[in-house]
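What follows is one structure encoded as structure tokens, with my remarks underneath.
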């Protein structure tokens, strides 16, 4: 399972990231652990404390996360990709602190889509993806989730609109759509409750 937000450095002290807290991923990990799963967590930047009971690999950048996940994925039956992985990284990174007295133009390139690599390495794995969108319709969110299924071979996608009240990155609550051939709407609830529902759905399908 991956969780947290990756960080892409601009120079030795600055970088870009996102507001992912790791709360949803941690609740899923706790629920899976309670049910007897043998877990390994690949953890980027989070605002939660990860209990010492978990086997954790810490990463920072999307590239580091990609390398770790691809090295591990053959050994597992399920992969839950809750991490908010940066879509872009810098073409050139300075190993010094850049001078702030002049204008700076950032040259970005797309990062590797980790989720699209998983089934190429382990075709039999049950792959759960997350799709966070912003201020789009229910129909469009479902379409985005199904595009991920088509592109990455995900077996289940958890999709949500992070523009909705109480559903932003870092919130304690969420409301989601669980998408495969069907769509299950999960109304606003704590992330702990939503984690139980997601693990229930995974358990039905494996």
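Numbering (the working numbering), first residue to last: 8 to 213.
Yeah, the Cβ is synthetic: ideal placement off N, Cα and C, and Gly gets one too.
Practice task
Go ahead and label residue 137 buried or exposed: buried means 16 or more other beta carbons lie within 10 angstroms of its beta carbon, across all protein chains shown.
Solution key: Working through the chain shown from its first residue, we reach residue 137 at position 130. So residue 137 ends up on the buried side.
Handout entry: Identity of the residue in 168, 126, 158 and 121 nearest residue 144 by Cα
Key = Position 137 of the chain shown, counting from 1, holds the residue named residue 144. Selected option, being the one with the closest Cα: 168.
Exercise for the section: Determine, using beta-carbon pairs with one atom in the region 99-107 and one in the region 126-136, whether at least three such pairs fall under 8 Å. Expected result: The region 99-107, when compared against the region 126-136, does not touch it at the 8 Å Cβ threshold.
Practice task
Would you check if the distance between the CB atom of residue 148 and the CB atom of residue 184 is smaller than 8 Å?
Solution key: Along the chain shown, one-based indexing puts residue 148 at 141. Along the chain shown, one-based indexing puts residue 184 at 177. Contact flag set, yes.
Problem - Residue-level contact to chain B via CB, residue 184, 8 Å cutoff - result: Within the model displayed, chain B is absent; a lone protein chain is all it includes.
Handout entry: From 36, 27, 37 and 114, residue whose alpha carbon lies closest to that of residue 52
Key = Counting from one through the chain shown, the residue named residue 52 turns up at place 45. The alpha carbon of residue 52 has as its nearest neighbour, out of 36, 27, 37 and 114, the alpha carbon of 27.
Exercise for the section: Can you grab the Cα-Cα spacing for the pair residue 176 / residue 68, in whole Å? Expected result: Within the chain shown, the letter at position 169 stands for residue 176. Within the chain shown, the letter at position 61 stands for residue 68. Taking the straight line joining both Cα atoms gives about 19 Å.
Practice task
Could you check which residue in 85, 86 and 118 has the C-alpha nearest to that of residue 4?
Solution key: This structure cannot settle anything about residue 4, because the visible part of the chain is limited to 8 through 213.
Practice task
Just grab the DSSP bridge partners of residue 22 for me.
Solution key: Here residue 22 is taken as the residue at index 15 of the chain shown, counted from 1. Bridge pairing for residue 22: 16 [DSSP].
Practice task
Could you spell out where the alpha helix (DSSP H) holding residue 199 opens and where it closes?
Solution key: As a working mapping, residue 199 is identified with position 192 in the chain shown. Where residue 199 is concerned, the enclosing alpha helix (DSSP H) stretches over 198-212.
Practice task
Rounded to whole angstroms, what's the CA-CA distance from residue 32 to residue 76? Just pull it up for me.
Solution key: Numbered from its first residue, the chain shown carries residue 32 at position 25. Numbered from its first residue, the chain shown carries residue 76 at position 69. The alpha-carbon atoms of residue 32 and residue 76 are separated by roughly 15 Å.
Practice task
Would you mind working out which of 170, 153 and 8 sits nearest residue 79, comparing C-alpha positions?
Solution key: Position 72 of the chain shown, counting from 1, holds the residue named residue 79. Closest by alpha carbon: 8.
Handout entry: Coarse secondary structure for residue 77, derived from DSSP in three states
Key = Counted from its first residue, the chain shown places residue 77 at position 70. Here residue 77 sits in helix by DSSP.
Handout entry: Residue from 64, 129, 57 and 65 with nearest C-alpha to residue 86
Key = Taking the first residue of the chain shown as position 1, residue 86 is located at position 79. Selection 64, 129, 57 and 65 evaluated against residue 86 yields 129 as nearest (Cα-Cα).
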